[in-house]
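**Q** Residue numbers (this note's numbering): 193 to 269.
All C-beta atoms, glycine included, are put in the ideal place defined by N, C-alpha and C.
Please read these numbers as outputs of a predicted model, since none were measured by experiment.
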Amino acid sequence: MELAKGLIAIGAGICMGIGAIGPAIGEGNAVGKALEGMARQPEVASTLRTNMILGCAITESTGIYSLVIALLLLFVF
193 MELAKGLIAI
203 GAGICMGIGA
213 IGPAIGEGNA
223 VGKALEGMAR
233 QPEVASTLRT
243 NMILGCAITE
253 STGIYSLVIA
263 LLLLFVF
């Protein structure tokens with residue numbers, strides 16, 4: 193039983209580790225490109241900011257899904 197709990201904990205850690213890489217890369221790329229666009233055309237900064245925040249929120253949902261799976265692994269099994 194202890195081995196199973198240990199393996200579940202390792203699985204939850206791997207789930208969060210891999211699940212956090214995608215949103216981090218996606219949000220970094222989105223923010224970088226948005227800042228580049230704002231520097232090139234300051235007059236559209238508000239539109240770019242709005243779209244960037246919306247894209248970051250959608251990207252972050254992937255990380256939240258992996259958190260939910262990790263919590264399910266830890267507390268249900």
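Please identify the residue among Asn243, Gly218, Ile261 and Ala216 whose C-alpha is closest to the C-alpha of Gly229.
**A** Translated into positions along the sequence shown, residue 229 becomes position 37. Distances from the CA of Gly229 to each of Asn243, Gly218, Ile261 and Ala216 were compared; the closest alpha carbon is that of Asn243.
**Q** Using C-beta distances below 6 Å, list every residue in its chain close to Val268, excluding the 5 sequence neighbours before and after it, in chain order.
**A** In the sequence shown, the residue the question calls residue 268 occupies position 76. Nothing meets the Cβ criterion.
**Q** Mind pulling the beta strand (DSSP E) runs of 3 or more residues that sit fully within the region 206-237?
**A** As far as the region 206-237 is concerned, it has no whole beta strand (DSSP E) run of at least 3 residues.
**Q** Using the C-alpha atoms, what's the distance from Ala226 back to Ser238?
**A** As a first step, residue 238 is located in the sequence shown; it is residue number 46 there, counting from the start. As a first step, residue 226 is located in the sequence shown; it is residue number 34 there, counting from the start. Taking the Cα positions, Ser238 is about 10 Å away from Ala226.
**Q** Just mark Leu263 as buried or exposed, buried being the case when its beta carbon has 16 or more other beta carbons within 10 Å.
**A** By 1-based counting over the sequence shown, the position of residue 263 is 71. Answer is exposed; the Cβ neighbour count stays below 16.
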